[in-house]
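Chemist:
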Amino acid sequence: MRGPRRDPDMVRAYVRTRGHSSPSRDGLTLTTLVRAADRPLHGLDVEALRVMRICRGPLSIAEIASLLDLPPTVALIVVSGLLDTGHLDSPAPAGQPDISVLEEVLNGLRALAVR
Amino acid sequence: MSYETAAAAPLVIAGVLIATVTLTAYFARQSAKHRARAAQWKAFASAQDLMLATAVSYGPERVAALLQQPLSGAPQFAVPDILIGSGFVENLRVLSERHVADLHRIQQETAVLTRQQVEAEARESAKTAVKSFATAMVSTGIDVSSEIAQALRRHRGGGIFETLTRIDHGVQQMLHQAQSYVVLCGGLLGQRWPASTLTDVVGAAQGAIRDYTRVQTYASDRAVIARVVGPVKLIVSHLLDNAARYSPPQTRVEVSAQNGHHGVTLLIDDAGKRMNEEQLERTRRILDGRQEVDILNTEAHPRVGFPVIALLARRYGIKVVLSDSNRYGGMCASVFLPEGLLTSIPTDLEPAAPQPAVLEAPAPPQPALTENGLPTRTRRRQVQPQQAPIGRRTSTEPARPAVIGAWQQSSRRARDAAAPPQRDAQDTATHTEEERSVDS
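From first to last, the protein sequence lines are chains A and B. Each residue of the first sequence is one higher than the one before, starting from 1 at the first, in this note's numbering. Each residue of the second sequence is one higher than the one before, starting from 116 at the first, in this note's numbering.
#1: Using 8 Å for Cβ pairs, my map puts ILE61 (chain A) next to ALA75 (chain A). What's the rounded Cβ distance?
#2: Out of B:GLY301, B:ALA334, B:GLU236, B:GLN288, state which residue places its alpha-carbon closest to the alpha-carbon of LEU355 (chain B).
#3: For VAL370 (chain B), tell me which candidate among B:ALA448, B:LEU228, B:ARG150 has the shortest Cα-Cα distance.
#4: Given THR366 (chain B), which residues of its chain have a CB within under 6 Å of its CB, disregarding the five upstream and five downstream residues?
#5: Give the residues from the region 270 to 286 of chain B that approach chain A closer than 7 Å (Cβ to any Cβ), ordered along the chain.
#6: Would you say THR17 (chain A) reaches chain B, if we count a Cβ-Cβ gap shorter than 9 Å as a contact?
#7: I'd like to know if PRO40 (chain A) contacts chain B, where contact means its C-beta is closer than 9 Å to some C-beta of that chain.
#8: Please list, in chain order, all residues of the same chain as ARG495 (chain B) whose beta carbon is under 6 Å from its beta carbon, the five residues on each side excluded.
#9: In or out: TYR118 (chain B) buried (at least 16 other Cβ within 10 Å) or exposed?
#10: When the Cα atoms are used, what is the spatial distance from LEU207 (chain B) to PRO195 (chain B)?
#11: Is there a C-beta anywhere in chain A that falls below 9 Å from the one on GLN406 (chain B)?
#12: So the alpha helix (DSSP H) PRO346 (chain B) belongs to, where does it begin and stop?
#13: Of all the CB atoms in chain B, is at least one closer than 9 Å to the CB of ASP9 (chain A)?
#14: Under three-state DSSP, which class holds PRO469 (chain B)?
#15: Hey, could you find the ends of the alpha helix (DSSP H) ASP26 (chain A) is sitting in?
#16: By Cβ distance below 8 Å, which residues in the same chain neighbour LEU304 (chain B) in space, the five residues on each side in sequence not counted?
#17: Taking the straight line between their C-alpha atoms, what separation do you get for ARG39 (chain A) and ALA249 (chain B)?
#18: With DSSP as the reference, identify every bridge partner of ASN374 (chain B), one or two as the case may be.
#19: Between ARG16 (chain A) and the rest of its own chain, which residues show a CB-CB distance below 6 Å, the 5 nearest in sequence each way excluded?
#20: Between the region 423 to 441 of chain B and the region 275 to 290 of chain B, do at least 3 Cβ pairs fall closer than 8 Å?
#21: Check the C-beta distance from TYR14 (chain A) over to THR280 (chain B) and give it rounded, since I have them as a contact under 8 Å.
#22: Do you know how far the Cα of HIS377 (chain B) is from the Cα of GLU454 (chain B)?
#23: Could you say which of A:VAL114, A:THR31, A:GLY19, A:VAL51 lies nearest to ASP69 (chain A) if we only look at CA atoms?
#24: If the criterion is Cβ atoms closer than 9 Å, does the pair PRO91 (chain A) and LEU33 (chain A) meet it?
#25: Does the Cβ-Cβ distance between GLN265 (chain B) and VAL11 (chain A) come in under 9 Å?
#26: May I ask which residues mark the beginning and end of the beta strand (DSSP E) holding VAL435 (chain B)?
#27: Measuring straight from C-alpha to C-alpha, what distance separates LEU388 (chain B) and ASP9 (chain A)?
#28: Taking C-beta pairs closer than 8 Å, name the residues in chain A that GLN321 (chain B) reaches, listed in chain order.
#29: Apart from the five residues on each side of it in sequence, which residues of its chain come closer than 8 Å, Cβ to Cβ, to ILE257 (chain B)?
#30: From B:ASP326, B:ARG397, B:THR398, B:GLY302, pick the residue whose C-alpha is nearest to that of ARG430 (chain B); which is it?
#31: Pull up the DSSP beta-bridge partners for ALA36 (chain A), would you.
#32: Let me see if you follow: with CB-CB separation under 9 Å, is PRO364 (chain B) close to chain A or not?
#33: Taking 9 Å as the CB-CB limit, is ARG25 (chain A) close to chain B?
#34: Taking only beta-carbon atoms, is THR73 (chain A) less than 9 Å away from chain B?
#35: Since ALA372 (chain B) and SER352 (chain B) are thought to touch, with beta carbons under 8 Å apart, how far apart are those beta carbons, to the nearest angstrom?
#36: Answer yes or no: do SER459 (chain B) and ASP336 (chain B) have a C-beta to C-beta separation smaller than 9 Å?
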């Protein structure tokens with residue numbers, strides 16, 4: 001009954017973006033982090049709902065694309081629309097990372113290099 | 116005595132003579148009468164011969180033509196005076212008429228049979244030609260679609276995306292048309308899909324029509340079995356196309372569903388023109404199979420749609436019904452999918468939540484949870500020993516956990532900076548707890 005995996009391209013990209021061919025806002029990249037804002041979901045289309053369903057914690061757009069098996073540009077366009085409607089927001093980068101974090105990363109990388 | 120005898124003899128002779136003459140005259144007259152009658156019969160017979168010869172030499176076409184004229188019109192045959200009013204002419208007329216009627220009948224029957232035969236042959240060869248052409252188009256269309264889908268994943272950039280999706284939209288419409296003709300010619304769709312949710316099937320159908328942006332779909336977790344994904348997609352796309360084509364461009368075409376006891380009914384509503392009684396009746400005749408459909412008696416696009424729907428619906432046990440009034444004053448098409456065509460798809464195919472926890476997979480083997488199921492704070496301590504040899508490269512001990520631990524923490528902090536503490540989703544609550552514990 002289970003058969004092969006679902007076909008991610010059965011619904012075509014232009015249907016998923018509702019005909020939009022580029023993100024409505026500039027400056028979004030695949031590494032941009034977004035998180036769900038506290039807004040009711042009714043009135044959203046199928047694709048937006050799929051994104052909202054997985055966006056419980058902050059996720060990068062690349063992760064969204066990968067989790068939903070979407071072409072990257074489609075994820076950018078759908079997320080951009082959700083940022084416009086306020087269903088998602090994109091936290092500003094937290095400024096300089098804590099120095100201790102950087103130290104830990106450096107430490108980890110060195111340990112990796114040694115191995 | 117002899118005188119008396121002598122006197123009587125001439126009298127007797129005269130009597131005999133008179134009698135003889137009289138008889139002779141009588142017989143002569145009789146004979147003349149017979150000769151005249153014989154001559155008349157002869158003339159009659161030769162006139163009959165002449166008429167028959169004329170009739171034969173005229174041939175069936177002339178005879179038919181002459182007999183089609185009203186009797187009161189021009190003389191149909193040169194009838195000799197001697198035959199006028201005779202039974203012979205009447206019989207000849209009746210005979211010719213029957214002969215011509217027979218000829219007509221045979222001619223018509225032959226014409227009908229020939230036409231049927233020619234039509235059947237033409238239909239068969241038209242079907243074969245259209246089918247092989249359409250099948251080739253479908254095959255190319257599927258290849259191009261798959262190329263485009265891969266390209267959309269490979270390349271990024273607004274311009275490329277726009278160009279590729281425009282081409283794709285064209286290709287999908289072409290594929291839709293080609294598949295419709297394949298179905299009309301009795302062929303199979305040639306495209307196989309795995310079992311898919313109704314949402315995906317409707318989304319796929321949406322992509323095949325021109326005004327796809329006007330379609331408002333719905334989310335459903337019901338799925339159709341692999342065998343009918345293609346047919347349902349084609350049926351729905353024809354109904355969507357019909358709805359969008361005959362409704363004002365600013366209105367939406369709505370797709371909804373009713374989960375019933377015996378199956379699911381998809382409803383496609385538009386706010387457009389309603390069909391008139393005659394159109395509706397004709398369409399219903401096609402849909403419920405009262406009217407045979409084939410490639411030669413369909414009209415131009417978009418009339419191909421209903422015959423295709425009817426053929427597919429009958430083949431797969433789907434029921435399509437049109438009603439001529441809905442809440443928007445437009446048409447409503449319903450597609451009933453019986454339970455036997457439905458299935459459920461394992462939901463693990465679509466992850467329900469992001470999993471930052473994946474990074475924790477290679478966590479150290481110590482008991483990481485408290486009795487409450489909350490992570491203990493010991494993790495930080497596992498990382499800390501590794502902080503001692505900062506600046507030295509001799510730290511060779513458990514390098515991998517250290518790297519992962521550091522990576523994990525930095526990743527978490529970044530996420531924590533991004534994550535609002537008041538998130539309400541239930542399954543992120545534990546993550547929040549975890550993150551806080553790490554931070555403290």
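C-beta: ideal position from N, C-alpha, C; glycine also.
Modeler: On the basis of the data shown:
#1: 5 Å
#2: B:GLN288
#3: B:ALA448
#4: ALA386
#5: ARG271, GLY273, PHE276, GLU277, THR280, ASP283, HIS284
#6: yes
#7: Cβ-Cβ to chain B under 9 Å: no for PRO40 (chain A).
#8: Confidence in ARG495 (chain B) is poor, its pLDDT being 43 and thus under 50, which makes the residue's placement too unreliable to answer from.
#9: With fewer than 16 other Cβ atoms within 10 Å, it is exposed.
#10: 14 Å
#11: no
#12: Segment 341 to 360, the alpha helix (DSSP H) holding PRO346 (chain B).
#13: Residue-level contact check: ASP9 (chain A) touches chain B, since one or more beta carbons of chain B fall below 9 Å from its beta carbon.
#14: Note on PRO469 (chain B): pLDDT 43, under 50, position unreliable in the model; no value is reported.
#15: Where ASP26 (chain A) is concerned, there is no enclosing alpha helix (DSSP H), given that its DSSP letter is neither H nor E.
#16: VAL253, GLN294, VAL297, VAL298, GLY345, PRO346, LEU349
#17: Each residue's Cα considered, the two are about 48 Å apart.
#18: B:VAL379
#19: GLU47, VAL74
#20: no
#21: Confirmed, Cβ separation roughly 4 Å.
#22: 6 Å
#23: A:VAL51
#24: Yes, they are a contact pair.
#25: no
#26: 434 to 438
#27: It is worth fixing the name first, because residue 388 (chain B) is Lys in this sequence and not Leu. Whole-angstrom Cα-Cα distance: 33 Å.
#28: Ordered by position in chain A, the residues that pass the 8 Å Cβ test against GLN321 (chain B) are VAL11, VAL15.
#29: LEU290, GLY305, GLN306
#30: B:GLY302
#31: ALA36 (chain A) pairs with A:LEU88.
#32: no
#33: no
#34: yes
#35: Not a contact, Cβ separation roughly 16 Å.
#36: yes
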